[in-house]
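In UniProt numbering, the protein residues as written are 1 to 264.
All residues carry an ideal CB built from backbone N, CA and C; glycine is no exception.
All values reported here derive from a predicted model rather than from experimental measurement.
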Ligand SMILES: Cc1cc2nc3c(=O)[nH]c(=O)nc-3n(C[C@H](O)[C@H](O)[C@H](O)COP(=O)(O)O)c2cc1C
């Protein structure tokens with residue numbers, strides 16, 4: 001039995017979902033499981049980053065299925081599980097979609113739009129504007145791109161449309177009747193995929209950029225009229241050399257800046 005294999009509490013209604021780490025008593029083995037679980041889960045989450053460089057190494061379909069098997073356990077309001085469809089694209093299909101998106105982005109970007117606004121159209125509160133600006137500084141510096149050089153920035157962002165050369169891309173849709181709550185649920189699903197992927201030596205990047213080219217995606221995939229193309233994700237084995245050269249770790253807010261305790 002591995003340190004991560006622990007029994008479900010008696011009477012768990014859904015034993016077919018696998019075995020989580022559950023500390024039912026405080027014997028030495030349970031304590032050890034706990035320590036290892038903390039170390040592993042913290043490392044998987046704290047070392048995560050958006051990966052924009054991948055090795056040309058395919059990902060086994062059964063590994064992808066394992067990752068979805070993990071992510072399907074994500075919580076969702078009333079357990080509606082509103083990750084309507086996850087379209088997984090690889091090989092010639094991915095290349096064909098990427099080619100068309102890159103071309104459209106170069107030639108007629110104004111002809112396309114996403115079905116929702118990821119960011120507000122107007123000004124945003126200063127703390128967010130500041131962090132967005134800081135993101136750009138960290139992102140473009142290792143690429144030797146001047147923050148003010150819009151043409152060079154556009155060249156960089158074009159990589160979104162060939163899925164950063166990742167061997168696997170996922171397109172996530174959501175039913176057009178569902179509202180913000182369900183969109184949050186889909187976020188839990190994507191983060192679960194990211195962590196499950198990392199545990200298997202894979203990296204990911206979540207993307208909103210390809211949603212703009214939903215008309216192209218619809219030509220290649222059986223996306224229903226009632227599905228909104230919400231997000232995409234690239235996945236693959238990381239090219240660590242390129243990452244070291246061209247990626248900067250994005251700063252994160254301090255715990256004390258995020259949480260406020262109220263106890264009396
Ligand atoms: C929902 C979502 C959509 C994103 N869309 C894009 C995208 O289209 N292109 C991109 O390069 N990065 C995208 N990102 C990655 C963010 O830029 C990145 O998460 C952020 O800068 C923090 O960096 P880190 O993920 O490396 O910690 C997206 C992230 C999320 C969560």
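Rounded straight-line distance, which links the Cα of residue j to that of residue i
i: residue 118; j: residue 32; result: 43 Å
i: residue 230; j: residue 37; result: 32 Å
i: residue 8; j: residue 221; result: Annotation note: pLDDT 46 at residue 8 (below 50); position unreliable, coordinate value reported separately. Near 39 Å, if we compare the C-alpha coordinates of residue 221 and residue 8.
i: residue 150; j: residue 158; result: 12 Å
i: residue 180; j: residue 30; result: 39 Å
i: residue 95; j: residue 219; result: 14 Å
i: residue 232; j: residue 261; result: 36 Å
i: residue 216; j: residue 97; result: 7 Å
i: residue 120; j: residue 35; result: 42 Å
i: residue 112; j: residue 68; result: 30 Å
i: residue 257; j: residue 145; result: 31 Å
i: residue 60; j: residue 141; result: 34 Å
i: residue 55; j: residue 207; result: 19 Å
i: residue 226; j: residue 127; result: 36 Å
i: residue 178; j: residue 80; result: 10 Å
i: residue 122; j: residue 132; result: 14 Å
i: residue 175; j: residue 169; result: 20 Å
i: residue 148; j: residue 241; result: 27 Å
i: residue 244; j: residue 193; result: 23 Å
i: residue 238; j: residue 202; result: 7 Å
i: residue 156; j: residue 105; result: 12 Å
i: residue 82; j: residue 70; result: 16 Å
i: residue 107; j: residue 224; result: 27 Å
Run of the alpha helix (DSSP H) containing residue i, from where it starts to where it stops
i: residue 128; result: 126 to 140
i: residue 189; result: 180 to 199
i: residue 310; result: What is shown of the chain runs 1 to 264, which leaves residue 310 out entirely.
i: residue 273; result: For residue 273 there is no data in the structure shown, the boundaries of the chain being 1 and 264.
i: residue 52; result: Premise fails: residue 52 is in no alpha helix (DSSP H) and is neither H nor E.
i: residue 156; result: 150 to 157
i: residue 217; result: 214 to 220
Helix, strand or coil at residue i according to DSSP, with G and I counted as helix
i: residue 260; result: coil
i: residue 206; result: strand
i: residue 9; result: Bear in mind that the predicted position of residue 9 carries a pLDDT of just 46, short of 50, making it unreliable; the figure below should be weighed with that in mind. Of the three classes helix, strand and coil, the one that applies to residue 9 here is coil, per DSSP.
i: residue 241; result: helix
i: residue 227; result: strand
i: residue 249; result: coil
i: residue 175; result: strand
i: residue 276; result: Shown here, the chain extends from 1 to 264; a query on residue 276 therefore has no answer.
i: residue 255; result: helix
i: residue 122; result: coil
i: residue 235; result: strand
i: residue 169; result: strand
Residue i at chain D interface by Cβ criterion, 9 Å
i: residue 209; result: Looking for chain D here will not work: only one protein chain is present.
Start and end residues, beta strand (DSSP E) containing residue i
i: residue 85; result: 85 to 90
Query raised in the report: Between the region 152 to 170 and the region 41 to 54, do three or more beta carbon pairs fall short of 8 Å?
Result: yes
Requested in this report: List in chain order the residues whose CB is within less than 6 Å of at least one heavy atom of ligand 1.
Outcome: 49, 50, 135, 160, 205, 206, 207, 208, 209, 231 and 250
Requested in this report: Could you say if the region 72 to 82 and the region 185 to 193 meet the contact criterion of at least three C-beta pairs nearer than 8 Å?
Outcome: yes
Query raised in the report: Per the contact definition of three or more C-beta pairs closer than 8 Å, is the region 208 to 215 in contact with the region 79 to 93?
Result: no
Requested in this report: Count the CB pairs spanning the region 131 to 139 and the region 237 to 253 that are closer than 8 Å, and state whether there are at least three.
Outcome: yes
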